[in-house]
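First up is the structure itself, then whatever we jot down about it.
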Amino acid sequence: MASSSVADQEGQVMLLGFWFSPFVKRVEWALKFKGIEYDYVEEDLTNKSTLLLTSNPIHMRVPVLIHNGNPIAESLVIIEYIDETWKQNPILPQDPYERAMARFWANFIEQKVTESTREALVSQGEQQEKIVKELKEAIEVVEGEAKAKLNDKTLFFGGGNGVGYVDIVLGWTCNWMETIEEVGGFKVLDPESQPQFHKWMANFREVTFVKPTLAPKEKLVEYFRMVRPARLGLVANK
Amino acid sequence: MCIKKGISAAIAFARYDQNIMGEEVKLFRTWSSPFALRIVWALRIKGIEYQTVFEDISNKSPSLLQYNPVHRKVPVLLHNGRPIAESLVILEYIDETWKQAPLLPVDPHERAMARFWAKFGDDKVLGSIWSVFIKQGKEQEEAMVPAMENLKFLEEELKGKKFFGGETIGFVDLALGWLANLIGLLEEIVGLKVVDGEKLPLLSAWMQEFGDAPIIKDNWPARDGMILKFQALRDATFAAASK
Chain A
1 MASSSVADQE GQVMLLGFWF SPFVKRVEWA LKFKGIEYDY VEEDLTNKST
51 LLLTSNPIHM RVPVLIHNGN PIAESLVIIE YIDETWKQNP ILPQDPYERA
101 MARFWANFIE QKVTESTREA LVSQGEQQEK IVKELKEAIE VVEGEAKAKL
151 NDKTLFFGGG NGVGYVDIVL GWTCNWMETI EEVGGFKVLD PESQPQFHKW
201 MANFREVTFV KPTLAPKEKL VEYFRMVRPA RLGLVANK
Chain B
239 MCIKKGISAA IAFARYDQNI MGEEVKLFRT WSSPFALRIV WALRIKGIEY
289 QTVFEDISNK SPSLLQYNPV HRKVPVLLHN GRPIAESLVI LEYIDETWKQ
339 APLLPVDPHE RAMARFWAKF GDDKVLGSIW SVFIKQGKEQ EEAMVPAMEN
389 LKFLEEELKG KKFFGGETIG FVDLALGWLA NLIGLLEEIV GLKVVDGEKL
439 PLLSAWMQEF GDAPIIKDNW PARDGMILKF QALRDATFAA ASK
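Protein chains in written order, with our numbering: chain A, 1 to 238; chain B, 239 to 481.
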């Protein structure tokens, strides 16, 4: 149960989200990890609420965290905000150098894994092949990091204490990547050449505050199949 | 008593001069990288002594490859033998390690806003301005639309403020600082006005204020070199596009 000091700090915490979005899930994992109570508002992305549009006028997308009436957008920015506002269960390390390393890897994941996966999904043919090759190389780098940092006692990049920033940022891969591969018609996951990464994904899936949040594959695939044709339509019409 | 005072003073002075204490700060940069410039500004603003290693991108040093194996890019900051890469990550590290002249605000919500704007600059503004620069004719006209939208957002954000950081230069000013130099250069090369003083008065004023601020002004890369470099980049992009 939340301690009284946590409840005092909470004020009102509201998260504007969408069930499918891995970016929203990250923020939920951060909130749940710290035991922060929040109101969740499911957005209809085809009919965005006034609250969403006024809270995030620049990007007009979820997630948006609203704390005591103040909106914060962009999942990584939100997670750092959460970590600085609620001190229990730290997400980022304390030491400035370790923090820099965590931020470095979070950036790498966003640029080279997350963004590339998005591009691979909406591209075709030669263009897709090129991006998939880059994505595979990025996952190899992640595998290298997993090999170097993780072992039987240290299951997560957060260190001996459990999950941390890098795990939360990378976490979407454990549930969405397979689906995106299937719908996008490409393959990057390979348990044989990426054993440590696969071990990490399996462990992350089982984390108590993560497991109940993961949508079943069929539901994700169904949603993706709806979205991909629309996205490709947008790209082709440019 | 005199000797004791003298020794205390010497120790105090030694602590102040980081190099005597063996705290080595080294910056790997190129002469023109706007990302590395952010770090130069931050170190100067905080009065941190450091050494500079200029890299030739076409012939990267073994040190650079060793310190940033993942991206093999500048800037890289080396502090007490430990490397940090990615300019915004380095800025946060500098701010957390040296507390004088803080770059980020104290309040968590304001810090979040600063990070948001820095990210907006890198994710959206940079790319949209570059698009205008490397395109021609109708394509360039079309590229101006998102670029202007992005610049308008920055204009809004400057309302009631001298700098993005408020009264003094802060994290967002350093992150967006490239605008204050590059926009003028690109406008000259392309022959197109992007930041119009009438349409974007606050942004125009900021570019002037920031660009002329003492530490910032002293560190702009040589204008002639920049013109040549970006002209060449533009030409190369056109050549590649027409193949």
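The C-beta atom is built at its ideal place from N, Cα and C for all residues, glycine as well.
Could you check if residue i is buried or exposed, using at least 16 other CB atoms within 10 Å of its CB as the buried criterion?
i	result
T117(A)	buried
V207(A)	buried
S480(B)	exposed
L135(A)	buried
T54(A)	exposed
V383(B)	exposed
M259(B)	At M259(B), the pLDDT of 46 sits below 50, so the modelled position is not reliable; the number obtained from the coordinates is stated separately. Flag for M259(B) reads exposed.
M226(A)	exposed
N56(A)	buried
W279(B)	buried
T290(B)	exposed
H59(A)	exposed
S296(B)	exposed
T239(A)	Examination of residue 239(A) is not possible in this model, given that chain A is present from 1 through 238 alone.
V344(B)	exposed
M1(A)	Confidence is the limiting factor: at M1(A) the pLDDT is only 47, short of 50, which leaves the residue's position unreliable and the question unanswerable from this model.
F197(A)	buried
K25(A)	buried
P313(B)	buried
According to DSSP, which residues form a beta bridge with residue i?
i	result
Y288(B)	Its beta-bridge partners do not exist; DSSP assigns none.
V13(A)	H67(A)
V263(B)	H317(B)
Y40(A)	L15(A)
A73(A)	V64(A)
A323(B)	V314(B)
G404(B)	F401(B)
N297(B)	D294(B)
Could you list which residues in chain A have their beta carbon closer than 9 Å to that of residue i, in chain order?
i	result
F358(B)	I58, H59, E74
P384(B)	Within chain A, no residue comes near P384(B); the closest Cβ sits about 12 Å away, beyond 9 Å.
Using only alpha-carbon positions, find the residue among the options that is nearest to residue i.
i	options	result
M201(A)	K217(A), G184(A), M177(A)	M177(A)
G404(B)	L440(B), I372(B), K311(B)	L440(B)
E447(B)	I332(B), T268(B), K400(B), V278(B)	K400(B)
P272(B)	K311(B), G285(B), L392(B), I286(B)	K311(B)
L275(B)	G449(B), L471(B), A474(B), N318(B)	G449(B)
Name, please, each residue of chain B whose Cβ falls closer than 7 Å to the Cβ of residue i.
i	result
N107(A)	E324, V327
Name the chain B residues whose beta carbon is nearer than 8 Å to that of residue i?
i	result
R26(A)	What R26(A) touches in chain B: nothing, since even the nearest Cβ is about 15 Å away.
R99(A)	E330, Y331, E334
P90(A)	Going along chain B, no residue has its Cβ under 8 Å from P90(A), so there is no contact; the nearest lies around 14 Å.
P96(A)	Y331, E334, T335
N70(A)	H347
Give the residues of chain B in contact with residue i, contact being defined as C-beta atoms less than 9 Å apart.
i	result
P93(A)	Per Cβ cutoff of 9 Å: no residues; P93(A) is ~11 Å from chain B at best.
F104(A)	V308, I322, A323, E324, V327
Check whether the Cβ of residue i sits closer than 7 Å to any heavy atom of the ligand ADP, and report yes or no.
i	result
E287(B)	For the ligand ADP, the structure offers nothing, since it holds no ligand at all.
Practice item. Using a Cβ-Cβ cut-off of less than 7 Å, give me the residues of the segment 74-88 of chain A that come near chain B, in sequence order. Key: E74, V77, E80, Y81, E84, T85
Review point. In the segment 139-166 of chain A, which residues sit with their C-beta less than 7 Å from some C-beta in chain B, listed in chain order?
Key: V141
**Study point:** Contact set between the segment 314-341 of chain B and chain A, restricted to residues whose Cβ is under 7 Å from the partner
**Key:** R320, I322, A323, E324, V327, E330, Y331, E334, T335
Practice item. Note down, in chain order, all residues in the segment 346-371 of chain B with a beta-carbon under 7 Å from any beta-carbon belonging to chain A. Key: P346, H347, R349, A350, R353, F354, K357, F358
Practice item. Anything in the segment 390-401 of chain B with a Cβ closer than 8 Å to a Cβ of chain A? List those residues in chain order, please. Key: F391
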